[in-house]
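Below is one structure, written out as structure tokens, with a few remarks after it.
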Amino acid sequence: MRGFSGFRFVMSMLLKSLDLNMDFIKIQNKKFFNNPDKVVGWFNGYPSMSLYTPPFFSKASTNSLITRMMSLYQWRKLPELMSIAITPKCNCDCAYCSFTSMKKEESPLSTEKIKKVIREAQDLGVSTISIVGGEPLMNPDILEIIQSVDKNRSQVIMFTNGYFLKEKAKDLRKTGLTTVIVSIDSSDSLKHNQIKGKDGLFEKAVSGVKEAKKHGLLVGMSSVVHKKDFQDGELVKLFDLAKDLKINELIVFDALPTGNYSDRTDLLWSKSDIEGLINLCEEYSQKKGYPNIYPYAYMKSNKSIGCAGGTLYFYVSPYGDVCPCDFNSFSVGNIKNESLNQVWNKFNDANGFCGSVSDGCRVHKK
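Here's what the structure looks like:
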């Protein structure tokens, strides 16, 4: 193209591409997180629309887009998010702990094996590495593990009860950790400590949140809630606590009948309860001063991606078992015996286990 028409085309690209990018971001975030236009925070100058995905325009976010394209070219689903439990040890005894379904009487993965699994996950296309446990900060090699992740391909986030966070926050930031998500299940300190089975935990978690923010980490809060919490106003108190702590994003998990709650059929939510939970979270997300509030129930619903287990997400236990998610102990294989690529492909042959939009979460329906 030459002359004025060429110049006009270039100017059109510059102006219209900005609109296109903004429309893409808004539509994507509405579909995935019910959050069309709220920036939850900034990391190294890049905007984050949700703590579960790499900050926009970062190299890791580009990797996420490429993984979606490769899923089409290879004609197979490829993962974008992996949770890996780097230790079975924990200093808490949570009433709802799902990890009890995964526990085994055997040695956990070595640090070298954990690092190898992470490399293989990145080769598959994973753009978010989620470090979990147990309590991940009880693994003495956690800084080495986070340091080993290629940050040009993946962001690293970590879920923690917060007990050791204040002392570790500065070093975690130096390793390249993007986000720390702290578990707080009640705005009342005594009730929270009782739920978690650990005295003094609430105060430790709050001080850890403040220290993490001080060192430039994005900070999330995760809360496991029951129907009663939604009905009696306790959930709104958690929203207010997240606002007071200047949390970047609050992730609300509706309690599931798994782990310590395996026999709790009373935990099952009705469709109207779930709809009410989603609507309440959306209402407070839009209020001034509140963080983005992301209900896990929204992602599992047909409004979003449905169950992500085995489609764009998977979980690796401390012993190497590869499962659809942290809440589901069904394993398609073990990375001690096969490569991660071989194990991942088995999700395609797992009789449609998880990965369902119409059925929703299988754990919730068992």
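Sequential numbering of the sequence shown, starting at 21, is according to the working numbering. Using N, Cα and C, we set each Cβ at its ideal position, and we do this for glycine too.
Local conformation of residue i per DSSP, three classes
i, result
"tryptophan 289", "coil"
"cysteine 114", "coil"
"glycine 228", "helix"
"alanine 328", "coil"
"methionine 122", "coil"
"alanine 141", "helix"
"asparagine 64", "coil"
"alanine 189", "helix"
"serine 243", "strand"
"alanine 105", "strand"
"methionine 178", "strand"
"glycine 279", "helix"
"phenylalanine 184", "coil"
"threonine 131", "helix"
"threonine 87", "helix"
"glutamate 269", "strand"
"glycine 353", "strand"
"aspartate 249", "helix"
"serine 203", "strand"
Distance between beta carbons of residue j and residue i, contact taken as under 8 Å
i, j, result
"glycine 65", "asparagine 268", "About 15 Å separates the two Cβ atoms, so there is no contact after all."
"tyrosine 339", "leucine 129", "7 Å"
"alanine 225", "asparagine 159", "Incorrect: roughly 19 Å between the Cβ atoms, too far for contact."
"isoleucine 408", "isoleucine 165", "Look at the range of the chain in this structure, 21 to 386, and you will see that residue 408 is not part of it."
"serine 351", "serine 121", "Not confirmed; about 11 Å, so no contact."
"phenylalanine 179", "serine 209", "Going by Cβ atoms, the distance from phenylalanine 179 to serine 209 rounds to 20 Å, so no, they are not a contact pair."
"serine 203", "serine 242", "5 Å"
"valine 137", "leucine 360", "6 Å"
"lysine 218", "tyrosine 183", "7 Å"
"glycine 469", "cysteine 345", "Summary: the structure shown does not reach residue 469, with the chain confined to residues 21 through 386, and so no result is reported for it."
"aspartate 264", "leucine 255", "So it is not a contact: roughly 15 Å between Cβ atoms."
Sequence-distant residues of the same chain with beta carbon closer than 6 Å to residue i, five excluded per side
i, result
"lysine 79", "Asn172"
"phenylalanine 347", "Ser118, Leu276, Thr278 and Val383"
"valine 244", "Tyr116, Asp205, Phe273 and Ala275"
"leucine 261", "Ser207"
"alanine 189", "Glu231, Ala232 and His235"
"serine 81", "Pro74"
"lysine 186", "Ser227, Gly228 and Glu231"
"serine 378", "Confidence at serine 378 is low in this model, with a pLDDT of 48, below 50, so its placement is unreliable and the value that follows should be read with caution. Contacts found: none."
"serine 305", "Asn312 and Ile313"
Beta-carbon proximity list for residue i, same chain, < 8 Å, skipping 5 on both sides
i, result
"methionine 90", "Leu98 and Gly145"
"glutamate 302", "Asn54 and Ile313"
"valine 59", "Pro67, Ser68 and Met69"
Residues near residue i in its chain [Cβ-Cβ closer than 7 Å; skip 5 each side]
i, result
"threonine 148", "Tyr72, Thr73, Pro74, Glu100, Leu101, Ser174, Gln175 and Ile177"
"threonine 198", "Phe63, Gln175, Val176, Ile177 and Leu238"
"serine 84", "Thr73, Pro74, Glu100 and Ser147"
Beta-bridge pairing of residue i - partner residues as DSSP gives them
i, result
"leucine 237", "Answer by DSSP bridge pairing: none, since leucine 237 is not bridged."
"cysteine 301", "Looking at the DSSP assignment, cysteine 301 forms no beta bridge with any residue, so it has no partner."
"valine 146", "Valine 146 is not bridged to any residue."
"phenylalanine 334", "Met102"
"valine 342", "Val336 and Gly353"
Min CB distance residue i to chain D below 9 Å
i, result
"phenylalanine 250", "Judged by its chain identifiers, the structure shown contains no chain D, having just a single protein chain."
Report task. Would you check if the region 256 to 272 and the region 97 to 113 touch, i.e. whether three or more CB-CB distances between them fall below 8 Å? Result -> With the rule of 3 Cβ pairs closer than 8 Å, the region 97 to 113 does not count as touching the region 256 to 272.
Query raised in the report: Is the number of C-beta pairs between the region 41 to 54 and the region 126 to 145 that are closer than 8 Å three or more?
Result: As far as the Cβ criterion goes, the region 41 to 54 does not touch the region 126 to 145, which means the pair count is below three.
Query raised in the report: Counting Cβ pairs, one atom from each stretch, are 3 or more of them under 8 Å apart for the region 360 to 369 and the region 160 to 176?
Result: At 8 Å Cβ cutoff, the stretches do not touch.
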